[in-house]
Amino acid sequence: MTKTIIKTFFLWEYEKEEAWLNEMAGEGWMLIRTGFRKYVFENGTPEEYTYRLELLDKDMHSPESSSYLDFLKETGIEVVGKCSHWVYLRCKTADCKFDPADRPLYNLTHLLKLQEFFSKLHHTFIVVVALCFLGLFILEHLNPIPVVAFFSGFCVGVGFATSVCILIATPYFRRINKKVKAAIKDLYTCS
Amino acid sequence: MTNPEENIVLTEAVFYTLLALHKPLHGYGIMQETKAMSNGRLILSAGTLYGAISSMLDKGWIKALPEEEDSRRKEYVITDIGKQVARSELNRLHELAENGDRIINNSIIQ
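Chains A and G are the protein sequences, given in the same order.
Each residue of the first sequence is one higher than the last, beginning at 1 in this note's numbering.
Each residue of the second sequence is one higher than the last, beginning at 1001 in this note's numbering.
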C-alpha cells in the first residue's frame, strides 16, 4: 500500500524535513519516491529504514556526485529521491551508516553551503539595486522622451522590488549566519 | 607533498582508516575492519569515510588500486607517506598515553 503526501519545506528546513521523514518511518511509512513537494510512502515495518537528506556539491549526475553516490550504495545506502542538489538517502536502521556522532560536521557542511547560496543571492540583489540607481542617474541626464521615461520607471520599479526583497530576506540571512556560528561551536565540543 | 615530520593530529577515522589500509580494502571493507579493530566502538559513517578517503588520496597518504573489470568497487591501499604519517601519529599517541599514565595514575595513588 502506498500513500502520497504533498508538503512544503523551505530550503533551510532540511532538519525538520528529515525529522518528519524519520517520524513517518517510525509509524511504518517508508519514503520510496519524491517529486516537487510530493512524497510517496510505502507501508512497511516501523523503523525499518533511517532517512537522511544530503546536499551535494554538484548535480547528481556529475562524475563527483556519482562517485560519491556509488560509494554510498556500496555501503548499503539507497538513494530514494532527489530535488535539485538535495538527495534523499536511506539505510536499514539495524545496520545504519549514518552516524549521529558526525552530525555536527554534517550540519556545518550543509549550513556553509546554504550560507554561500544566500550570500550569492544577497550580492546579486545589491548589484541589481546599484545598477538601477546608476541607470536612473544616467537617464536623468537625457532628454525626457517617452522611452527614457519608461526606462526610468522600470529602474525605479525593479530597484524598489529588489530593496523589498532584501528587507524580507535579511532575517533569513541572519538566521543562517547564526546557525553557522552555533554549528562551529558545536564542532568544538563534539567527541 | 606533506611532510610527515610536521605535527599533524589525525582524527580517529583517519588513523583507523590508515591502519585498515595496510592491506588493500574497499570502502565497506574499511568500515568493517575499523569496527572489528575497535571492538564495535568506532562505526564510521559513509559520509565521514568518503571525506577521509578523498582527503587522503589528495595528500597521497593512500592510493586507489586499478579497478577489476567486473567490479565497481574501488580498492585502496596505504602509501609510504601514509605509513610515515601513521607512525608519527602513533608516537604522538604514545606520548599522550605516557603522560596520562604518569599524571592521572600517580594522582590516584597519592
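All residues carry an ideal CB built from backbone N, CA and C; glycine is no exception.
In this structure, does DSSP put residue i in helix, strand or coil?
| i | result |
| --- | --- |
| I1043/G | coil |
| V80/A | strand |
| H1117/G | Residue 1117/G is absent from the model: chain G starts at 1001 and stops at 1110. |
| C91/A | strand |
| G54/A | Looking at the sequence provided, one finds Glu at residue 54/A rather than Gly. Strand, per DSSP. |
| L187/A | helix |
| I1104/G | helix |
| E1067/G | coil |
What residue does the alpha helix (DSSP H) around residue i start on, and which one ends it?
| i | result |
| --- | --- |
| E1075/G | Element bounds for E1075/G: not the alpha helix (DSSP H) but the beta strand (DSSP E), 1075-1078. |
| L105/A | 103-140 |
| E13/A | Run containing E13/A: none; DSSP gives neither H nor E here. |
| V40/A | Here V40/A belongs to no alpha helix (DSSP H); instead the beta strand (DSSP E) covers 38-43. |
| V1014/G | 1012-1020 |
| D70/A | 63-74 |
Taking buried to mean at least 16 other C-beta atoms within 10 Å of its own C-beta, is residue i buried or exposed?
| i | result |
| --- | --- |
| H1094/G | exposed |
| E1098/G | exposed |
| H61/A | exposed |
| Y51/A | buried |
| R37/A | exposed |
| D102/A | buried |
| Y188/A | exposed |
| V127/A | exposed |
| S191/A | Here the model assigns S191/A a pLDDT of 44, short of 50, so the residue's position is not dependable, and the following value carries that caveat. Exposed, by the Cβ-count rule. |
| G26/A | exposed |
| V1085/G | buried |
| R90/A | buried |
| T45/A | exposed |
Would a C-beta distance cut-off of 8 angstroms place residue i and residue j closer than the cut-off?
| i | j | result |
| --- | --- | --- |
| L1021/G | I1062/G | yes |
| V1014/G | A1052/G | yes |
| L136/A | V156/A | yes |
| F41/A | K16/A | no |
| E1075/G | L1025/G | yes |
| T1034/G | L1044/G | yes |
| R153/A | V129/A | The residue you asked about is not Arg; residue 153/A is Gly in the sequence shown. No; because the gap between Cβ atoms is not below 8 angstroms, this pair is not in contact. |
| I77/A | K97/A | yes |
| Y49/A | G1047/G | no |
| N22/A | Q115/A | no |
| T124/A | C83/A | no |
| T1079/G | G1100/G | no |
| S173/A | F117/A | The sequence as given places Phe at residue 173/A; Ser does not occur at that position. No; because the gap between Cβ atoms is not below 8 angstroms, this pair is not in contact. |
| L55/A | K113/A | yes |
| M1031/G | T75/A | yes |
| L111/A | V180/A | yes |
| E1012/G | L1042/G | yes |
| D186/A | P104/A | yes |
| L53/A | W12/A | no |
| Y1050/G | Y68/A | yes |
| W29/A | N43/A | yes |
Based on the DSSP output, what are the partners of residue i in its beta bridges?
| i | result |
| --- | --- |
| R33/A | V40/A |
| E5/A | Residue identity differs from the one stated: residue 5/A is Ile in this sequence, not Glu. I5/A is bridged to Y39/A. |
| Y1050/G | According to DSSP, which records beta bridges pairwise, Y1050/G is partnered with nothing at all. |
| Y49/A | K92/A |
| W86/A | L55/A, C83/A |
I'd like the span of the beta strand (DSSP E) that includes residue i, first residue to last.
| i | result |
| --- | --- |
| K1063/G | 1062-1064 |
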